[in-house]
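What follows is one structure encoded as structure tokens, with my remarks underneath.
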Amino acid sequence: MTKKTKRTRKPSAELSSSAAEASELLNQPLKTRKSQITVPLLRLQLGVLAVVVAVMSLMSVIAWQYWQHQKLQADWFAQEQVIFNQRTQINELLVELDDQLQQQVALKADISTAGELLADQNLSMSLLDEEVTRLTGLLADRDKQLKVTKSTYQRNLSSQLKREKARLRSSEQALAQEKQMLAAQEAAVKSKMGDVSEWEKKKAEFDKLYASSALEVENEKRIDKLMAQFNSLRVDLNVVNECDKDYLYRYNEAKSVLNHIRTFIQKYEMKQEYYFYVISNDSQITSQNRRLCLKE
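As structure tokens, then:
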């Protein structure tokens, strides 16, 4: 800028000098002026030319500075756009980072909730284990009591069966004696009665009575045999061991024998002792709710 100022001032000084010379020339005589007019005019032309050159140089400098200003402004706009894009990317990254932080916070909350649920479940499992232990102890005590009760019942039932068998043997002996007595009576009747029809009538009644007594004895023998078969199977009717095939076979065989005993005593209307035997064993089957899996 300093150089441009010097260039613009130099032609002005020259113009002033030329003007002074022109004034002096006008004050001189005409001949002298004619001889001297060409030199100032030439200087004036040179001064004007210098001014034009200076103006053109100044304009070129201004145009170059304007071009530099436009270029700098374009670069500034480009840098502003780059900065804006970078700020946009940074803002997007900040938003994404904020979302990730929120997800991490939510995940930590879920983990904390899951931990609390797990702690509650562990506490529930502990309480359930304690309850299972308590119930197992109660079940063991109940099994022990049931075994004692069953053993006592079977022992009492065995004693009762022995007494019944003794009574049956006594009844058989009484029936045999009665048969002999009836036979003697029959012989007496035959010897005394001459009426054949009366004798046949009495004989028919005797045969009917004898057949009924003999059938009752045979039925009791049959029931005793079935009860002995049932006892020989050695099963606990209120327990089902599902993993022991032999036990399951004996268990089902015992149920079948018990059903056969029930049908038999109902068909022939036998004594109440046999009904009690069937009912006591059948109640164990009906009330049983224990299914085990014990392998030998």
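Using the UniProt record's numbering, the first residue of the sequence shown is number 1, and each one after it goes up by one.
Idealized CB from N, CA, C, for every residue including glycine.
All values reported here derive from a predicted model rather than from experimental measurement.
Would you tell me roughly how many angstroms separate the C-alpha atoms of residue i and residue j, rounded to the nearest one?
i, j, result
"Leu237", "Ala119", "43 angstroms"
"Leu123", "Gly137", "21 angstroms"
"Met227", "Ser158", "11 angstroms"
"Leu168", "Val217", "8 angstroms"
"Glu186", "Met270", "30 angstroms"
"Ala183", "Ser170", "19 angstroms"
"Gln84", "Leu94", "According to the sequence shown, residue 84 is Phe rather than Gln. If you take the alpha carbons of Phe84 and Leu94, they lie about 15 angstroms apart."
"Val105", "Ser112", "10 angstroms"
"Glu246", "Asn219", "Here residue 246 turns out to be Asp, not Glu, going by the sequence shown. Each residue's alpha carbon lies about 30 angstroms from the other."
"Leu128", "Leu139", "16 angstroms"
"Leu25", "Ala63", "Only weak support exists for where Leu25 lies, its pLDDT of 49 falling under 50; the coordinates are left without a value."
"Tyr275", "Phe230", "15 angstroms"
"Thr133", "Leu97", "53 angstroms"
"Ala114", "Met125", "16 angstroms"
"Gln65", "Arg87", "32 angstroms"
"Asn241", "Ser151", "20 angstroms"
"Gln145", "Ser213", "42 angstroms"
"Gln121", "Ala109", "18 angstroms"
"Arg43", "Val61", "26 angstroms"
"Lys179", "Ala188", "14 angstroms"
List the endpoints of the continuous alpha helix (DSSP H) containing residue i.
i, result
"residue 362", "Residue coverage of the chain in this structure runs from 1 to 296, which leaves residue 362 outside it and unanswerable."
Relative to the C-alpha of residue i, which candidate in the options has its C-alpha closest?
i, options, result
"Val278", "Tyr268, Arg262, Asp244, Ala78", "Arg262"
"Lys221", "Ala254, Val48, Lys162", "Lys162"
"Val235", "Ser256, Leu215, Asp224", "Ser256"
"Glu164", "Gly47, Gln272, Leu42, Pro40", "Gln272"
If you measure from the beta carbon of residue i to each beta carbon in chain C, is any gap under 8 angstroms?
i, result
"Lys108", "Within the model displayed, chain C is absent; a lone protein chain is all it includes."
Margin query: Extract the residue ranges of the alpha helix (DSSP H) inside the stretch 101 to 158, only unbroken runs of 4 or more that lie entirely within it.
Written below: Runs of the alpha helix (DSSP H) lying entirely within the stretch 101 to 158, each at least 4 residues long, are absent.
- Whole beta strand (DSSP E) runs in the stretch 56 to 82 with 3 or more residues, listed along the chain? Segments of the beta strand (DSSP E) lying fully in the stretch 56 to 82: there are none.
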